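A short write-up of the structure that comes next.
Residue numbers (the working numbering): -4 to 184.
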């Protein structure tokens, strides 16, 4: 059955692709472009039901959030060394100019391998923007490069949010509604 829509419902429809920034609002901010396929945000929680005698099913007030996760997926066509390092943040840069990347030694991943944030902006019909931010993100799935005739190489990145070790119950992600997107004319691509 079709019903009429309210103006608010219509204006809240998200349209078109998103734009993605690394370390948005920081001195190290940079625009991730060109991309293909937009961006995909995911937030999940692992919920445990407390078992008790007489329970007939899921019961409000008897559930515990055990873990949370957030990610932002984006595919870029830019195969620069800088972007390859996003896919392999734990690798070793051998030369001073960053032209040589090698596999790392095993052990603890250094703190500088984590970005401060990845932020994506998506427009709604009403002209507002959804600003989605994940914190302390890092791509952990490695790198696959495919060269195909009559096609462009794609670098698929899935940034996973991480809690800082100093705040194990801190923020992983945030969704804001903002009136204006970043001024893309100021970005040097």
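Backbone N, C-alpha and C fix where the C-beta goes; we use that ideal spot for every residue, glycine too. Just so you know, these numbers come straight off a predicted model, no measurement behind them.
Host beta strand (DSSP E) of residue i (start-end)
i	result
residue -1	Unbroken run through residue -1: none, as it is neither H nor E.
residue 32	30 to 44
residue 117	112 to 119
residue 47	Counting along the chain, residue 47 falls outside any beta strand (DSSP E), and DSSP gives it neither H nor E.
residue 25	25 to 27
residue 130	124 to 130
Under the three-state DSSP convention, the category residue i falls into
i	result
residue 184	Per-residue confidence for residue 184 stands at a pLDDT of 48, beneath the threshold of 50, marking its modelled position as unreliable; the derived number appears in the next sentence. Coil at residue 184, not helix or strand.
residue 11	strand
residue 63	strand
residue 5	helix
residue 146	coil
residue 156	coil
residue 179	helix
residue 189	The requested residue 189 does not occur in the structure, where the chain is confined to residues -4 to 184.
residue 168	strand
8 Å contact criterion, which residue i and residue j should meet: CB distance rounded
i	j	result
residue 3	residue 117	The pair is not a contact, with the Cβ atoms about 17 Å apart (cut-off 8 Å).
residue 5	residue 104	Not quite, the Cβ-Cβ distance comes to about 45 Å (not below 8 Å), so this is no contact.
residue 150	residue 78	6 Å
residue 138	residue 83	5 Å
residue 18	residue 110	6 Å
Continuous alpha helix (DSSP H) stretch holding residue i: start and end
i	result
residue 78	76 to 82
CB contact flag (residue i, residue j, <9 Å)
i	j	result
residue 134	residue 155	yes
residue 147	residue 31	yes
residue 26	residue 36	no
residue 89	residue 61	no
residue 242	residue 34	Residue 242 lies beyond the range of the chain shown here (-4 to 184); nothing can be said about it.
residue 94	residue 86	no
residue 176	residue 157	no
residue 50	residue 39	no
residue 55	residue 129	no
residue 174	residue 122	yes
Of the listed residues the options, nearest to residue i (C-alpha basis)
i	options	result
residue 75	130, 47, 29 and 67	29
residue 7	178, 177, 176 and 172	172
residue 124	132, 115 and 131	115
residue 126	174, 170 and 24	170
residue 160	106, 91 and 141	106
is_contact[residue i, chain B] using C-beta, thresh 9 Å
i	result
residue 147	Going by chain labels, chain B is absent from the structure shown, which holds only one protein chain.
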